[in-house]
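Okay, so the sequence shown: first residue is 1 according to my numbering, each after it adds one. Ideal Cβ positions, reconstructed from N, Cα and C, are used throughout, including at glycine. No experiment lies behind these values; they were computed from the predicted model shown. Below you'll find the structure, written out as structure tokens, and then a few comments.
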Amino acid sequence: MKPLFLTIAMTLFLSVGAYSQNKIDQLVETYSTLGSSTFTSIVDRNQQTRKVQKVVKSLTINGKHVSELKKAFKEEAETGTFRESHQDGEETYMLTVEQSRQSRLYMLRLSGSTAYRTGKCTIIVKIKDAR
Numbered sequence: 001m002k003p004l005f006l007t008i009a010m011t012l013f014l015s016v017g018a019y020s021q022n023k024i025d026q027l028v029e030t031y032s033t034l035g036s037s038t039f040t041s042i043v044d045r046n047q048q049t050r051k052v053q054k055v056v057k058s059l060t061i062n063g064k065h066v067s068e069l070k071k072a073f074k075e076e077a078e079t080g081t082f083r084e085s086h087q088d089g090e091e092t093y094m095l096t097v098e099q100s101r102q103s104r105l106y107m108l109r110l111s112g113s114t115a116y117r118t119g120k121c122t123i124i125v126k127i128k129d130a131r
């Protein structure tokens with residue numbers, strides 16, 4: 001009975017981390033198709049094996065969607081290591097999620113007035129042991 005409980009608990013724990021990345025990733029994917037946004041994706045591969053080593057996604061948006069991204073970062077703060085800073089009228093939110101096969105860094109920078117904010121969301125996915 002105890003091994004079954006541990007298996008279920010570990011499955012739930014691991015799925016919470018996957019959900020956090022999916023929530024932020026889904027918003028970035030949705031907003032990347034908006035006409036008022038700029039989206040860039042870069043894939044770094046091992047030259048010998050052609051395996052993906054790192055993926056960097058960057059999204060710049062304006063207006064009301066910025067607050068939705070900010071809300072997603074705050075909601076997911078407990079799923080990894082979360083840092084928040086406010087300096088010179090700019091807010092920065094960082095979430096690091098460590099998993100067995102990859103490390104994910106989510107960063108959101110907000111600037112401008114609260115009525116019309118600019119947000120830049122960067123996601124860095126580093127694949128562990130991509131040889």
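Only exposed fits I42, as fewer than 16 other CB atoms lie within 10 angstroms of its CB. In the DSSP assignment, G112 forms no beta bridge with any residue.
A residue is called buried once 16 or more other Cβ atoms fall within 10 Å of its Cβ, and R101, having fewer, is exposed. When the beta-carbon positions are compared, Q53 and I127 come within less than 7 Å of each other.
In the DSSP assignment, K54 falls within the unbroken beta strand (DSSP E) covering V52 to N62. The DSSP-derived three-state label of Q102 is strand. Sixteen is the threshold: when 16 or more other Cβ atoms of the shown chains lie within 10 Å of the Cβ of G119, as they do, the residue is buried. The shortest C-alpha to C-alpha distance from K64 to any of Q26, N46 and G112 is the one to G112. Counting C-beta pairs with one atom in each stretch, the segment 63–77 and the segment 26–40 have three or more that are closer than 8 Å, which means they touch. In the assembly as shown, G80 is a buried residue. Its beta-carbon has 16 or more other beta-carbons within 10 Å. Under DSSP, the beta-bridge partners assigned to V125 are V55 and R104.
Between S32 and L59, the beta carbon gap of about 6 Å places them in contact (Cβ cut-off 8 Å). Boundaries of the beta strand (DSSP E) harbouring E84: T81 to Q87, taken from the DSSP string.
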